[in-house]
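Sequential numbering from 149 applies to the sequence shown in our numbering.
Notes to accompany the following structure.
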Amino acid sequence: MIQRERSDGGISNLMIDAGKFFYESAIQWFPKFNAQTIDGLVITHAHADAVGGLDDLRDWTNNAQATLPIYLRQVDLDAVESLFFYLVDRNKQSGGGGVAKLDFTVIDHKSFEVDGLEFVPLPVEHGEGREALGYRFGPVSYISDTSNIPDSTADLIRGSELLILDALRPARTHGTHFTLEQAVEKARELGICKTLLTDATHDIDHYSVNAELAALKDSEHLDIQYAYDGQCIDIQF
Ligand SMILES: [Zn+2]
């Protein structure tokens, strides 16, 4: 979640992906960060761990706020429609239940604005021949799912102060995700000072791997660590 203070003192909350279980995450984390609105939701791709939580947003638009703007590619909207037809086509409601008021906007590779913040899509490979999007917003680049970052996208990432990057696990390569080693190499290649690794499996021991990664700070001035749930980073936009 990206939290920004508006000029009127209010707080803007933008989310990237709805997670697999939005409800549980919202119950756990929204009160801790005083998140009372979702002012925009940006989708990276339509895998279950990115859009599975969309159904929970039905309740959000029935109880917490009137509507919710969601930004995604046409291919992802098509996938969401096949998973949750009632979220996309409200005419298919059967009556009785709460009808979602999700406001979908189809995006492509062009930058777009959500609640005053510009998002630059970062097209990456997520498995051979399959594209997912990361996003750059201000000095942050966010790529949760990738197995290859094309040169044209690398150019968009360069100069970021913070890179949040897919690093599934150490050693064993995976068809659709970076390994830890591949993620570290990419951060090095892009010259990013601070990188937080995400999308980790249970194959890593968080503390011991982070202790090993900490050595890179002394040897190469690379600050690379696995992120943790609830982590909060201050950014100047
Ligand atoms: Zn995925």
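C-beta atoms are modelled at their ideal positions from N, C-alpha and C, and glycine is treated no differently.
This one's a predicted model, so the numbers in the text were calculated from it and none came from an experiment.
Where Gly167 falls, given that 16 or more other Cβ within 10 Å makes a residue buried: Gly167 sits buried, since 16 or more C-beta atoms from the chains shown fall within 10 Å of its C-beta.
Ala326, buried or exposed, once every other Cβ within 10 Å from all chains shown has been counted against 16: One detail in the question is off: residue 326 reads as Phe in this sequence, not Ala. Only buried fits Phe326, as 16 or more other CB atoms lie within 10 angstroms of its CB.
Meets three-Cβ-pair contact criterion under 8 Å: the segment 290 to 299 and the segment 246 to 258: No contact exists between the segment 290 to 299 and the segment 246 to 258.
Any non-hydrogen atom of ligand 1 within 7 Å of His257 CB: Not so, every heavy atom of ligand 1 lies at least 7 Å from the Cβ.
Rounded straight-line distance, which links the Cα of Leu220 to that of Tyr171: Each residue's alpha carbon lies about 21 Å from the other.
Expected contact under 8 Å - CB spacing of Thr192 and Asp165 to nearest Å: Contact annotation, Thr192 with Asp165: C-beta distance approximately 6 Å; criterion of less than 8 Å satisfied.
Helix, strand or coil at Asp283 [DSSP, three-state]: At residue 283 the sequence reads Tyr, which differs from the Asp that was named. Correct three-state label for Tyr283: strand.
Residues near Thr301 by beta carbon distance below 7 Å, same chain, minus five either side: Answer for Thr301: Leu270, Pro271, Val272, listed in chain order.
Secondary structure of Lys258, DSSP reduced to three states: Coil, per DSSP.
Proximity of Gly307 and Ile383 at Cβ, strictly below 8 Å: Contact: no.
Beta-carbon proximity of Tyr374 to Ile340, cut-off 8 Å: Result no, Cβ atoms of Tyr374 and Ile340 do not sit closer than 8 Å.
Segments of 4+ residues assigned as alpha helix (DSSP H) that fall wholly inside the segment 327 to 367: Taken in chain order, the whole alpha helix (DSSP H) runs of length 4 or more contained in the segment 327 to 367 are 328 to 338.
Unbroken stretches of the alpha helix (DSSP H), 4 residues or longer, contained in the segment 292 to 327: Runs of the alpha helix (DSSP H) inside the segment 292 to 327: 299 to 305.
Alpha helix (DSSP H) segment containing Asn230, residue limits: This sequence places Ser at residue 230; Asn is not what is there. Counting along the chain, the alpha helix (DSSP H) containing Ser230 begins and ends at 222 to 231.
Own chain, CB closer than 7 Å to Glu153, minus 5 neighbours either side, in chain order: Spatial neighbours of Glu153 in its own chain (CB-CB distance under 7 Å, excluding positions within 5 residues in sequence) are listed in chain order as Ile159.
Beta-bridge partners of Ile159, as assigned by DSSP: Ile159 is bridged to Glu153.
C-alpha gap between Asp299 and Ile312, whole angstroms: Roughly 18 Å separates the two Cα atoms.
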